[in-house]
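For what it's worth, the working numbering labels the leading residue of the sequence shown as 2, then goes sequentially. Structure, as structure tokens:
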Amino acid sequence: MTVSVKICGLSEPQSLHAAVSGGARYVGFVFYPASPRYVSPAMAAELARLVPTGVRTVGLFVDPDDDFLEHVVSQVPFDLIQLHGKETPRRIAEVKAAFSIPVMKAIKVGGPEDLAHALEVAEVADRLLFDAKPPAKVTALPGGNGIAFDWTLLAGRRWPRPWMLSGGLKADNVAEAVATTGAEALDVSSGVEDRPGHKDPALVRAFLDTVAGL
């Protein structure tokens, strides 16, 4: 089984190069100003020009309005929009209709009850992303908190849309994560950082090498 990887929260050429040269199939840019991984549309546009053919670009947004989406999408070419907030199925459909770009919706998983929402979302989203529910504290981000959820919740499950696994993934636990969930696509951010918001090229390569060896 080939497992594809998305390196999310890229903000500089060195880490982008490490991602694409190491075999990442997706690269993600975060347009959520409160995140340490936030990148301006102008910088993201420069980075996107370095992405080779065959690697998909992903824009991560948190409850964006159409004006903000238009502001970013008009500058940066995306293959996929990732919605990581509290967007409803109706809002997902609106974004798809307005921008004609496939949408991946994050499902925040804390327990089995959260997976029921995934089926509703799958009726409109093109992809699903299962991430850990943020901790209940004011400083918690919608994603990228470096925590995992109970992977056994996904064991043996099948979904009507392609999906990615996210949340607390690192080189030293990714084999267990894939074995438990059967994930064929992974999304990593904080697990390849040496400090919040800064990707370490060596950690990026180590994660990609580990996944390639699965």
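Yeah, the Cβ is synthetic: ideal placement off N, Cα and C, and Gly gets one too.
Margin query: Taking a contact to mean a Cβ-Cβ separation below 9 Å, would you say A207 touches G24 in this structure?
Written below: Against a cut-off of 9 Å, the Cβ pair of G24 and A207 comes out as no contact.
Check: Helix, strand or coil for M2 per DSSP?
Finding: DSSP places M2 outside both helix and strand once states are collapsed to three, so it counts as coil.
Next item on the list: Drop a sphere of 10 angstroms on the beta-carbon of C9, count the other beta-carbons inside from all chains shown, and report buried for 16 or more, exposed for fewer.
Entry: So C9 ends up on the buried side.
Item checked: the segment 12-22 touching the segment 45-59, judged by at least three CB pairs closer than 8 Å -> Yes: the two stretches touch, three or more of their Cβ pairs being nearer than 8 Å.
Notebook entry, point to check: Can we say the segment 98-108 touches the segment 77-87, given the rule of at least three CB pairs closer than 8 Å?
Noted result: Contact holds: three or more Cβ-Cβ distances are below 8 Å.
Item checked: Beta-carbon proximity of A186 to P163, cut-off 9 Å -> Taking the C-beta atoms as reference points, P163 is found nearer than 9 Å to A186.
Check: Alpha carbon to alpha carbon, what distance is there between L129 and L116?
Finding: Their Cα atoms are separated by approximately 11 Å.
Check: In angstroms, rounded to a whole number, what distance separates the CA positions of Q76 and L70?
Finding: Roughly 10 Å separates the two Cα atoms.
Notebook entry, point to check: Rounded C-beta distance between K171 and G192? I'm assuming under 8 Å.
Noted result: So it is a contact: roughly 4 Å between Cβ atoms.
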